[in-house]
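For reference, the structure discussed in these notes is given below.
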Amino acid sequence: MSANETPASHQPPAATRDSAFLRACRREPVPHTPVWFMRQAGRSLPEYRKVREGIGMLDSCMRPDLVTEITLQPVRRHGVDAAIYFSDIVVPLKAIGVDLDIKPGVGPVVEQPVRSRADLARLRDLTPEDVPYVTEAIGQLTSELGPTPLIGFAGAPFTLASYLVEGGPSRTYENAKAMMYGDPELWADLLDRLAEITAAFLKVQIEAGASAVQLFDSWAGALAPADYRRSVLPASAKVFEAVAGYGVPRIHFGVGTGELLGLMGEAGADVVGVDWRVPLDEAARRVGPGKALQGNLDPTVLFAPREAVEAKTREVLDSAAALEGHVFNLGHGVMPATDPDALTRLVEYVHTRTAR
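All the letters of the sequence shown, read from the start, carry residue numbers 75 to 430 under the working numbering.
Given below as structure tokens:
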């Protein structure tokens with residue numbers, strides 16, 4: 075199925091569908107504000123470090139047994155309201171033959187950056203046969219998770235394009251922006267191709283049993299609104315439209331995107347993720363009606379004493395009091411040095427304070 079075809083509706087089991095997380099995403103009444111954390115399955119957990127010992131990141135993402143165990147770890151430990159599939163945004167690129175590796179302390183590094191139309195031609199379509207480990211792992215997870223929803227995810231076209239064009243992480247995105255400004259036709263074709271690949275990757279996850287999906291546009295905050303609207307929004311919208319027919323909630327998240335929140339909502343997500351820089355009541359004004367919001371405690375707050383964490387959490391909850399739907403999360407991922415017990419206490423605090 076191409077990214078342009080309309081899929082059949084996909085509904086999780088009734089108990090999962092009635093979970094606090096999915097109800098909040100649909101802007102329905104909830105028994106308590108649901109909580110999950112970006113990067114909740116990761117280096118903050120000693121059990122994660124133990125099972126990952128000696129195993130490279132990409133190899134970890136391609137082993138269903140390991141993916142299942144890592145994805146379940148924070149659900150067991152913290153009692154979060156949703157699991158998020160353990161993977162990396164470059165997995166679909168690796169699956170279609172892009173020569174890349176995730177280097178410790180650096181991040182994804184692409185051997186041959188995409189700088190020309192000939193380079194673009196190397197990016198072929200992704201099929202379910204390219205990622206059988208995803209289907210297998212999600213099958214295992216949905217049977218283990220019971221009523222707890224599983225969130226699938228992918229990197230957004232802009233962030234993937236930036237990695238591909240830069241050849242790795244960047245603070246300035248000079249090569250990606252040079253293509254965007256200097257060869258807008260090649261840029262548009264690159265993002266369109268990545269939208270197809272991303273949509274296909276999300277479809278595999280949904281059809282295997284994911285109850286929601288999140289599109290990470292981690293680097294979108296580097297863009298001015300006019301550039302985002304012209305050069306990025308069409309590709310993100312294509313991804314969301316491609317999976318709309320499944321009927322699962324679609325979440326859109328970026329970092330430093332306060333000026334883009336309205337545009338990110340326009341792209342088609344049901345839930346807009348907000349980082350810690352914009353209060354949720356103001357974010358709701360920028361996004362407009364008809365969307366739930368996700369966020370947005372500053373991840374560094376978790377290094378403060380318990381009383382301070384609770385005080386800052388109350389601020390987030392108070393700013394979310396009038397929202398149509400709210401999923402509590404951090405404003406970015408869990409930092410590696412975070413005390414896991416602080417996360418467990420945070421989940422309990424949000425559940426207790428918001429119990430209806």
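For every residue, glycine included, the Cβ atom is placed at its ideal position computed from N, Cα and C.
Check                                                                                                                                                                                    : Outcome
Go ahead and pull the three-state DSSP assignment for Pro-308.                                                                                                                           : helix
Going by beta carbon distance, what residues of the same chain come within less than 7 Å of Met-338, once the five residues before and after it are set aside?                           : His-326, Gly-328, Thr-331, Val-346
Around the C-beta of Gly-128, are 16 or more other C-beta atoms found within 10 angstroms, so that it is buried, or is it exposed?                                                       : exposed
For Ser-285 and Leu-371, which I take to be in contact (beta-carbon distance under 8 Å), what is that distance rounded to the nearest angstrom?                                          : Not confirmed; about 23 Å, so no contact.
I want to know whether the region 307-314 touches the region 164-181 - three or more CB-CB distances under 8 Å.                                                                          : no
What are the partner residues of Ala-286, as DSSP defines its beta bridges?                                                                                                              : Ile-225
Please identify the residue among Tyr-423, Ile-271, Pro-86, Glu-333 whose C-alpha is closest to the C-alpha of Val-361.                                                                  : Glu-333
Please list the terminal residues of the continuous beta strand (DSSP E) segment that includes Val-345.                                                                                  : 345-347
Express the C-alpha separation of Arg-430 and Pro-243 in angstroms, rounding to a whole number.                                                                                          : 43 Å
Does the beta-carbon of Ser-190 have 16 or more other beta-carbons within 10 angstroms, so that it is buried, or is it exposed?                                                          : exposed
Do Ala-357 and Val-348 have their beta-carbon atoms positioned less than 8 Å apart in this structure?                                                                                    : yes
Check Gln-85 in the structure and name its three-state DSSP category.                                                                                                                    : coil
Would you list the residues sitting across from Leu-404 in a DSSP beta bridge?                                                                                                           : Leu-371
Under 8 Å between the Cβ atoms of Leu-197 and Ala-274?                                                                                                                                   : no
Using the Cα positions of Val-431 and Met-112, report the straight-line distance between them to the nearest angstrom.                                                                   : The question about residue 431 has no answer here: the residues shown for the chain are numbered 75 through 430.
Measuring straight from C-alpha to C-alpha, what distance separates Leu-238 and Val-383?                                                                                                 : 38 Å
What's the call for Pro-258, buried or exposed, on a 16-neighbour Cβ count within 10 Å?                                                                                                  : exposed
Looking at Phe-95 and Pro-87, is the spacing between their C-beta atoms short of 8 Å?                                                                                                    : no
Report buried or exposed for Tyr-122, applying the criterion of at least 16 other Cβ atoms within 10 angstroms of its Cβ.                                                                : buried
Within 8 Å, do at least three Cβ pairs link the region 288-298 to the region 215-229?                                                                                                    : yes
When you compare the CB positions of Glu-344 and Ala-316, do they come within less than 8 Å of one another, or not?                                                                      : The residue asked about is misnamed: residue 344 is Asp in this sequence, not Glu. Not closer than 8 Å, so no.
What is the residue span of the beta strand (DSSP E) that His-326 lies within?                                                                                                           : 324-328
Given Arg-100, which residues of its chain have a CB within under 8 Å of its CB, disregarding the five upstream and five downstream residues?                                            : Pro-323, Asp-344, Ala-366, Gly-399
Any idea what DSSP makes of Ala-385, helix, strand or coil?                                                                                                                              : helix
Give every residue of the same chain whose Cβ lies closer than 8 Å to the Cβ of Pro-299, excluding the five residues on either side of it in the sequence, and list them in chain order. : Glu-333, Leu-334, Leu-337
Starting from Leu-174, trace the beta strand (DSSP E) both ways and give me its first and last residue.                                                                                  : 174-177
If you follow the alpha helix (DSSP H) that Gly-181 is in, where does it begin and where does it stop?                                                                                   : Per DSSP, Gly-181 belongs to no alpha helix (DSSP H); it is in the beta strand (DSSP E), 181-184.
Are the Cβ atoms of Pro-138 and Gln-114 separated by less than 8 Å?                                                                                                                      : no
Can you give me the start and stop residues for the alpha helix (DSSP H) that Lys-251 sits inside?                                                                                       : 248-256
Return yes when the Cβ of Ala-250 is within less than 8 Å of the Cβ of Ala-235, no when it is not.                                                                                       : yes
Quick one: measure Cβ to Cβ for Trp-110 and Ile-163, integer angstroms, because I've assumed they're closer than 8 Å.                                                                    : Contact flag wrong, Cβ pair sits at about 18 Å.
Taking Cβ positions, are Pro-379 and Ser-118 nearer each other than 8 Å?                                                                                                                 : no
Taking Gln-85 and Gly-256 to be in contact with their CB atoms under 8 Å, please state how far apart those CB atoms are, rounded to whole angstroms.                                     : Not quite, the Cβ-Cβ distance comes to about 45 Å (not below 8 Å), so this is no contact.
Which residue or residues does DSSP assign as beta-bridge partners of Ala-366?                                                                                                           : Val-345
With Thr-209 as the anchor, note down where its alpha helix (DSSP H) starts and where it stops.                                                                                          : 206-219
Rank Tyr-207, Ile-212, Arg-126 by C-alpha distance to the C-alpha of Ala-169 and give the top, closest one.                                                                              : Tyr-207
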